[in-house]
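Participant: Position 174 of the sequence shown, counting from 1, maps to 174 under my numbering, and the rest follow consecutively. We treat Cβ as the ideally placed atom computed from N, Cα and C, and that holds for glycine. Have a look at this one before I ask anything.
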Amino acid sequence: MDEEDFRLSVISRPKSKVFHGMRRLPVLGQETPTEELIASRPHHPHHPLEQSVIYECHVRGMANSPSISVSGSSQSATYQGLVECIPYLKALGVTAIELLPVFDFDENEKIVSDAEIEHTVLNCWGYSPLLFFAPKQSYASDVVNPVQEFKAMVDKFHEADLEIWLDVVFNHTAEFRDNGYADHFKLLAPDQWYLWEKDESYKNYSGCGNTLNCAHPTTRRMIRDCLIYWSHVIGVDGFRFDLASILNRDSVGNIMDFPQ
Numbered sequence: 001m002d003e004e005d006f007r008l009s010v011i012s013r014p015k016s017k018v019f020h021g022m023r024r025l026p027v028l029g030q031e032t033p034t035e036e037l038i039a040s041r042p043h044h045p046h047h048p049l050e051q052s053v054i055y056e057c058h059v060r061g062m063a064n065s066p067s068i069s070v071s072g073s074s075q076s077a078t079y080q081g082l083v084e085c086i087p088y089l090k091a092l093g094v095t096a097i098e099l100l101p102v103f104d105f106d107e108n109e110k111i112v113s114d115a116e117i118e119h120t121v122l123n124c125w126g127y128s129p130l131l132f133f134a135p136k137q138s139y140a141s142d143v144v145n146p147v148q149e150f151k152a153m154v155d156k157f158h159e160a161d162l163e164i165w166l167d168v169v170f171n172h173t174a175e176f177r178d179n180g181y182a183d184h185f186k187l188l189a190p191d192q193w194y195l196w197e198k199d200e201s202y203k204n205y206s207g208c209g210n211t212l213n214c215a216h217p218t219t220r221r222m223i224r225d226c227l228i229y230w231s232h233v234i235g236v237d238g239f240r241f242d243l244a245s246i247l248n249r250d251s252v253g254n255i256m257d258f259p260q
């Protein structure tokens, strides 16, 4: 991406493939979209922002509705199942859906036992990302190919003249506090990825135990690459930034007057 005009020139981060595990790890493989592949996909709707009507929804919750045709099937609560909601969304008159976080996350991070319903309650919200370049695997009916299923879902929405926006989290990660899991950034120069207190504990502006150092060039590049990947390769149309004010903090945690 050119630093001056932000036009895409090369994708430096490959796509993420995932395999099964409590905290899934990425197996990286190169993906450079060809012009033919890009041209074969439906055009983005490009609705004017001032005329946009945005419907916020959760993939699993929306695609698990008993009113859709795939309810109770293997496609229920999946990206493929969400396609069945298109007629309902069109009838409402919306122009875009905003999906709650779909970056892969650990839904077992905090299991709560609910005595009233006699089963464990998983984290379904996804606001503690684990893999920024991988769609949530368990939301795919084909867990081996979540990327392809997500892209197919995007194409179906675009064919229906509907945009897809993502709620993205770049303020903290699923590694949480000092005693949290060490999955990725804690193992890769944590002094660059996170904000630190003088006592060498994590600054916690996010309320989730750690705060990404969004002013560091390494972190900033990851965020830019991630947005490029999801928009250019996956094909989404827009983003909503969770706790966006953290993107405005410098490398010691101060609010910047003129963030870059």
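1) Buried or exposed: where does proline 206 fall if 16 or more other Cβ atoms within 10 Å of its Cβ makes it buried?
2) If I follow the unbroken alpha helix (DSSP H) through glycine 81, where does it start and stop?
3) Taking 6 Å as the cut-off, is the beta-carbon of tryptophan 125 closer than that to any non-hydrogen atom of the ligand ADP?
4) In angstroms with no decimal places, state the Cα-to-Cα distance between histidine 68 and valine 168.
5) Does the region 188-206 come close enough to the region 80-95 that 3 or more CB-CB pairs lie under 8 Å?
6) With contact counted as at least three CB pairs below 8 Å, one residue from each stretch, are the region 132-151 and the region 201-218 in contact?
7) Of all the alpha helix (DSSP H) runs that stay within the bounds of the region 135-179, which reach a length of 4 or more residues?
8) Going by C-alpha distance, which of Val53, Thr219, Ile228 and Phe150 is nearest histidine 172?
9) Below 7 Å between beta carbons: does that hold for proline 45 and aspartate 161?
10) Going along the chain, which residues of its own chain have a beta-carbon closer than 6 Å to the beta-carbon of tryptophan 230, five neighbours each way excluded?
11) Of the residues Val233, Asp178 and Ala140, which one's Cα is nearest the Cα of proline 42?
12) Ordered along the chain, which non-local residues of its own chain (more than five positions away) have a Cβ less than 6 Å from that of arginine 141?
13) Evaluate glutamate 335 with the Cβ neighbour count: other Cβ atoms within 10 Å of its Cβ, from every protein chain shown; 16 or more gives buried, anything less gives exposed.
14) Mind checking glycine 126: buried by the 16 CB within 10 Å criterion, or exposed?
15) Using the Cβ count rule (16 or more neighbours within 10 Å means buried), how would you classify proline 272?
16) What first and last residue would you give for the beta strand (DSSP E) that runs through isoleucine 68?
17) Please report the straight-line C-alpha distance between phenylalanine 185 and lysine 90, rounded to a whole angstrom.
18) The alpha helix (DSSP H) with glycine 61 in it runs from where to where?
19) Counting along the chain, where does the alpha helix (DSSP H) carrying leucine 92 start and finish?
Facilitator: Once the coordinates are examined:
1) Sequence inspection shows serine at residue 206; the proline mentioned does not correspond to that position. Serine 206 comes out buried.
2) If you look at glycine 81, you'll find it in the alpha helix (DSSP H) that goes 79-82.
3) You won't find the ligand ADP in this model; it holds no ligand whatsoever.
4) Looking at the sequence provided, one finds isoleucine at residue 68 rather than histidine. Distance between the alpha carbons of isoleucine 68 and valine 168: 27 Å.
5) Contact between the region 80-95 and the region 188-206 is absent, because fewer than three Cβ pairs lie under 8 Å.
6) With the cut-off at 8 Å, the region 132-151 and the region 201-218 do not touch.
7) As far as the region 135-179 is concerned, its whole alpha helix (DSSP H) runs of at least 4 residues are 146-159.
8) The residue among Val53, Thr219, Ile228 and Phe150 with its C-alpha nearest the C-alpha of histidine 172 is Thr219.
9) For proline 45 and aspartate 161, yes; Cβs fall inside 7 Å.
10) The residues are Val236.
11) Of the candidates Val233, Asp178 and Ala140, the one whose C-alpha sits nearest the C-alpha of proline 42 is Val233.
12) Rather than arginine, the amino acid found at residue 141 in this sequence is serine. Counting only Cβ-Cβ distances below 6 Å, and skipping sequence neighbours, we find Ser74, Gln75, Thr78 and Gln80.
13) Past the boundaries of the shown model lies residue 335; the chain is included only from 1 to 260, so the question cannot be answered.
14) Counting of Cβ neighbours within 10 angstroms places glycine 126 among the buried residues, the total reaching 16 or more.
15) Only positions 1 to 260 of the chain appear in this structure, which leaves residue 272 out of reach.
16) Where isoleucine 68 is concerned, there is no enclosing beta strand (DSSP E), given that its DSSP letter is neither H nor E.
17) Their backbone Cα atoms lie some 41 Å apart in a straight line.
18) From DSSP, the alpha helix (DSSP H) with glycine 61 extends over 59-62.
19) It spans 86-92 - the alpha helix (DSSP H) in which leucine 92 sits, taken as one unbroken run.
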